[in-house]
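See structure below.
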Amino acid sequence: MKTLEELNLVDDFLVNSLTSHKIYGEQSARYILECILHRQIGKLTVVPQRFFCGENMETHGIRLDVYLDEENGEIFDIEPDQNDGKSEMAALPKRVRFYHTKIDAGNLPSGETYGSLRNVVVIFITTYDPFGLNRMVYTIKNCCVEVPELKYEDGAQTIFLYTRGSEGNPPEELKQLLHYMEHSSVENASTEKLKKLHRMVTAVKRDGEVGLAYMKSFEREERIRKQGEEEGRKEGKKEGLEEGEIVGKTKEVIKLGRRFGKSENEILLLLQEELQIEKDKAMNLLQKYDK
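Numbered by my numbering, the letters in the sequence shown go through residues 92 to 382 in order.
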């Protein structure tokens, strides 16, 4: 596990800590958005680790990394992503489709018309090329297949940003920002705006509360690992070690989830993410060890 000092802005913990910081959060989030979108952004409310639960135990929920609610009505979701496995990359468009669906469903109050749905921009910042064309920017919007020039505006937009892409003549400021996000050192803060961002990042890393939160997250992972090893030793064989780790992680996630008042849907989602398992298996584990 990296030290806090070694983290970059493509690491979930650091980008969450920066954009939700009580002093630097809004201004850092606004700079990142304005650089990506090339337009001014109004006052932002930052909701790190925003959960949208499933409707019941049978349906999937999501956890968004950086959820931004803009005063003029737009919603932005920033997702740094380093999961470059073949299956994860192949499923990325459907993952984004599901994110848009859950965000929309969570923002249409009963009695409101469809016309009141807010514009939503989901932004994935990846250290891998999601579509293999070496582009830094892939902008996705719905359109009419038969008449591509037909104006079709449903308010949904997705932007994939590949930190190392070069095709398509990406703006220089965006290239510098994405390079800095992947390698967040003072040497890569090449403009005045990035120098300012780096000062914020440095201050956040030195913030005692952030350091304590990171230490707790590290300790949590260590507890899960050690408990899994202990359970595995009890099994007395290699396959028992694997099963014991699953049991240990399951019990720890459930215990922490209950301690912090998480719902069953939220705990189920955490189990799926922590153990990288399907929903049905996570459901069985939750039912077996939630005692």
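A virtual CB, placed ideally from N, CA and C, is assigned to each residue, including glycine.
In this text, all values refer to a predicted model and were calculated from it rather than measured experimentally.
{"query": "Residue burial classification, H289 (beta-carbon count within 10 angstroms, cutoff 16)", "result": "buried"}
{"query": "Interface flag, D298 vs chain C, CB-CB below 8 Å", "result": "Looking at the structure shown, chain C is missing, and only one protein chain is on hand."}
{"query": "Q248: first and last residue of the uninterrupted alpha helix (DSSP H) it sits in", "result": "Careful: Q248 lies outside any alpha helix (DSSP H), inside the beta strand (DSSP E) at 247-253."}
{"query": "Supposed close pair L218, Q173 - CB separation, criterion 8 Å", "result": "Note that residue 218 corresponds to Thr in the displayed sequence, not to Leu. T218 to Q173, Cβ: 5 Å. Contact."}
{"query": "Per DSSP, the bridge partner or partners of R141", "result": "L155"}
{"query": "Outcome for I132 when other beta-carbon atoms lying within 10 angstroms are tallied against a minimum of 16", "result": "buried"}
{"query": "D103 in three-state terms, based on DSSP", "result": "helix"}
{"query": "Host alpha helix (DSSP H) of Y271 (start-end)", "result": "263-273"}
{"query": "Under the three-state DSSP convention, the category D168 falls into", "result": "strand"}
{"query": "D160 - partner residues in DSSP beta bridges", "result": "T136, I166"}
{"query": "Cβ neighbours of G302 in the same chain (closer than 7 Å, five flanking residues each side left out)", "result": "L95"}
{"query": "Spatially closest choice to L109 from E365, E357, M291, by CA coordinates", "result": "M291"}
{"query": "H129 in three-state terms, based on DSSP", "result": "coil"}
{"query": "Under the three-state DSSP convention, the category L332 falls into", "result": "Note that L332 scores 47 on pLDDT, short of 50, meaning its location in the model is unreliable; the coordinates nonetheless yield the value given after this. L332: helix per DSSP, three-state reduction."}
{"query": "Beta-carbon proximity of I214 to E170, cut-off 8 Å", "result": "yes"}
{"query": "Cα-Cα separation between G145 and V187, rounded to whole angstroms", "result": "16 Å"}
{"query": "Where I114 falls: helix, strand or coil (DSSP)", "result": "coil"}
{"query": "Supposed contact pair R130 and Y158 - C-beta distance, whole angstroms, cut 8 Å", "result": "Actually they do not touch by this definition, with Cβ atoms about 20 Å apart."}
{"query": "C-beta atoms of L359 and M374 nearer than 8 Å", "result": "yes"}
{"query": "Inter-residue CB distance, E117 and L135 (contact presumed, cutoff 8 Å)", "result": "5 Å"}
{"query": "Proximity below 8 Å, CB of L377 to CB of L366", "result": "no"}
{"query": "Alpha-carbon spacing of S308 relative to D298, whole angstroms", "result": "16 Å"}
{"query": "Proximal residues to N163 (C-beta, below 6 Å), its chain only, five neighbours per side dropped", "result": "G133"}
{"query": "Proximity of I194 and F143 at Cβ, strictly below 8 Å", "result": "yes"}
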